[in-house]
Amino acid sequence: MVTFKAQLYAWRSVIFALFLRELQSKFNDKFGLGWAFLEPFVFIFALSFFRSILRPGDVHSIPLFIFMMIGLMGLQSLTSCLNSVSTSIKRNKPLYAFRQVQPISAILTAGFLEFSIKVIVVALLALALYLIGEGFAIHDPLLLISLFALLWIFSISLGLIFAIAAAFVPEVNKIKALLTRPLIFISCVFFSLQDLPEKFWPYLTWNPLVHFNELARYACFESYGVKGVSYIFIIEVTIATVFLSLAMYHITWKRVLSR
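Under full-length UniProt numbering, the sequence shown has 86 at position 86, and the numbering climbs by one with no breaks.
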């Protein structure tokens with residue numbers, strides 16, 4: 001009789017093996033992990049430069065580069081994790097011939113890999129800010145960490161929903177791409193919610209990423225404020241997404257294997 005402890009050890013071994021496989025396939029070019037840092041850094045620098053031309057100076061007490069960095073890292077954390085998780089079931093389909101490998105293992109591995117990469121990227125960006133003399137003291141580190149964790153959980157859950165849907169209707173991937181492209185314009189990456197009149201806020205605050213970005217900026221700079229966003233809304237949306245994704249997986253995972 002297989003004990004629960006033995007099952008956990010087997011599951012850990014499977015996830016570790018899948019993690020090494022995903023890591024090797026993701027960084028098999030010459031740039032490797034360095035590109036994961038260079039891409040957001042160059043993108044942030046370019047966007048900050050164009051934003052400084054349109055409206056120079058700080059953004060509601062936040063230096064422009066840091067303002068853009070927080071918004072862009074929130075956006076990239078969501079989209080990269082969503083894209084990786086939503087395709088993980090299909091990518092690892094040949095491995096499901098082994099009884100120990102299940103779709104949920106591929107989902108968690110893809111999400112954990114993206115989480116690890118973003119932690120390294122954030123640490124490197126923080127080091128770069130320190131070296132160029134733009135260091136700052138974080139106002140509420142616990143809030144910032146909890147926001148990053150909630151964003152990670154939300155992204156994995158949303159990716160799981162798209163992965164299951166794409167297993168039955170492949171065209172869902174095109175819908176996902178269509179939905180994620182406008183996020184850079186409607187997620188308070190370029191601008192602050194406070195830059196807009198309050199009558200326009202309801203058209204943006206349905207987007208959870210707006211709340212993530214604005215609260216992350218407040219967690220770094222208390223003077224930024226928390227107008228128009230809610231931490232409770234983030235928790236509610238994350239719980240609802242987790243519940244929906246796990247319910248869909250529990251009902252359909254065996255049929256997903258046969259697709």
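Beta carbons: idealized from backbone N, C-alpha and C, even for Gly.
CA-to-CA, the gap between Asn173 and Ala166 works out to about 6 Å.
Secondary structure of Val122 (DSSP, three-state): helix. Per DSSP, reduced to three states, the secondary structure at Val189 is coil, with no helix or strand assignment.
Rounded to whole angstroms, Ser192 and Pro63 show a C-alpha spacing of 13 Å. As the crow flies, the alpha-carbon of Ser155 is around 13 Å from that of Lys118. Between Gly135 and Phe168, the alpha-carbon positions lie close to 48 Å from each other.
Straight across, the Cα-Cα distance linking Ala10 with Tyr130 is about 42 Å. Here Thr238 has Leu150, Ile153 and Phe154 as same chain residues with Cβ atoms under 6 Å from its own Cβ, once five neighbours each way along the sequence are excluded. As the crow flies, the alpha-carbon of Glu214 is around 37 Å from that of Val256.
Here Val59 carries a strand assignment [DSSP, helix/strand/coil].
Between Trp206 and the set Asp195, Val189, Arg217 and Phe233, the nearest pair of CA atoms involves Phe233. The same chain holds no residue with a CB closer than 6 Å to that of Ala126 once the five nearest residues on each side in sequence are set aside.
Using a Cβ distance threshold of 7 Å, Ala106 and Ser84 do not count as a contacting pair. Collapsing the DSSP output to three states places Trp201 in a helix.
Taking 7 Å as the cut-off, the Cβ atoms of Ile161 and Ser245 count as close. Listed in chain order, the non-local C-beta contacts of Ser80 below 7 Å within the same chain comprise Glu114, local neighbours out to five positions each way being set aside. Taking Leu8 as reference, the option from Gln100, Phe67, Ser258 and Ser146 with the minimal CA-CA separation is Gln100. Spanning the alpha carbons of Tyr218 and Ile104 requires a straight line of approximately 34 Å.
Runs of the alpha helix (DSSP H) lying entirely within the stretch 64-123 and spanning at least 4 residues, in chain order: 64-91. For Asp195, the secondary structure class from DSSP, reduced to helix, strand or coil, is helix.
Here Tyr203 is exposed. Its C-beta has fewer than 16 other C-beta atoms within 10 Å. The beta carbons of Ser146 and Val242 sit no closer together than 7 Å.
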